[in-house]
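Scroll down for the structure; my scribbles are underneath it.
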Amino acid sequence: MRRVLKALVLTAAVVCVGAPAQARAEGYISPWAGVNFSGSDGQEGKQAYGFNAGYMGAGIIGFEGSLGWAPNFFGEANDFNNHEFDFMANLIIGIPVGGTHGAGIRPFVTGGLGAINTSIDVPGDNFSNTDFGYNLGAGLMGYFSDHFGVRADVRYLRTINSDDKLDLGTGLDDFDLGGFHFWRATFGVVIR
3 MRRVLKALVL TAAVVCVGAP AQARAEGYIS PWAGVNFSGS DGQEGKQAYG
53 FNAGYMGAGI IGFEGSLGWA PNFFGEANDF NNHEFDFMAN LIIGIPVGGT
103 HGAGIRPFVT GGLGAINTSI DVPGDNFSNT DFGYNLGAGL MGYFSDHFGV
153 RADVRYLRTI NSDDKLDLGT GLDDFDLGGF HFWRATFGVV IR
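Residue numbers (the working numbering): 3 to 194.
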């Protein structure tokens, strides 16, 4: 996973450096930390980490990749090993209040499709599942200078293609993968 993160950060950095200035295009990367809440299976307050990397053509409409990882998503590591991992390809629409250079803010909405992976390893059994999913969200980027700022957003993530059931005998009986969903609030820096 570290190799994937390094490759995505390097790609985003190349996009940021190589973006043509005349087109007023804007590439960015945004590492973040967050918390999951209001989900389908008890992940209230579970920590999450990841980053977004994107490109805004003319500063208003663009695309971004979003990568998230939540260790101990279904319970504490002392009970059993588990995690949630998601990768989404999103459309992002944001209005740059104050322009695309220098200090300013940009409220945005985003949404897209991708994959959501869950993994649970209990004594004697291991379960890993990757489902097609989607995410919808909104947030705000605030810039202090041409290249540095902060970003906060809230997203809803949900799987859409599985109707399997999982009985682990660990209090997560009848875990409905087709109905797997949760919210995530994040905060991080943004470098453009």
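We treat Cβ as the ideally placed atom computed from N, Cα and C, and that holds for glycine.
Inclusion of residue 113 and residue 135 in the CB contact set at 8 Å is not warranted, their separation being larger than that value.
Assignment of residue 52 by DSSP, reduced to helix, strand and coil, places it in the strand class. Residue 69 has its alpha-carbon roughly 20 Å from the corresponding atom of residue 28. The alpha-carbon separation between residue 65 and residue 126 amounts to approximately 42 Å.
The DSSP assignment places complete beta strand (DSSP E) segments of no fewer than 3 residues inside the segment 96 to 127 at 106 to 124, in order along the chain. Sixteen is the threshold: since fewer than 16 other Cβ atoms of the shown chains lie within 10 Å of the Cβ of residue 123, the residue is exposed.
Here residue 161 is actually not in contact with residue 184; their C-beta atoms are around 10 Å apart, not less than 8 Å. Minimum Cα-Cα distance from residue 31 among the listed residues 56, 76, 62, 132 corresponds to 56. Note that the C-beta distance between residue 142 and residue 158 is not below 8 Å.
Residue pairing by DSSP places residue 60 in no beta bridge whatsoever. Look at residue 47 here: in three-state DSSP terms it is coil, with no helix or strand label.
Counting every other CB atom within 10 Å of its CB across the protein chains shown gives residue 148 a total below 16, marking it as exposed. With a beta-carbon spacing of about 13 Å, residue 186 and residue 92 fall beyond the 8 Å limit used to define contacts.
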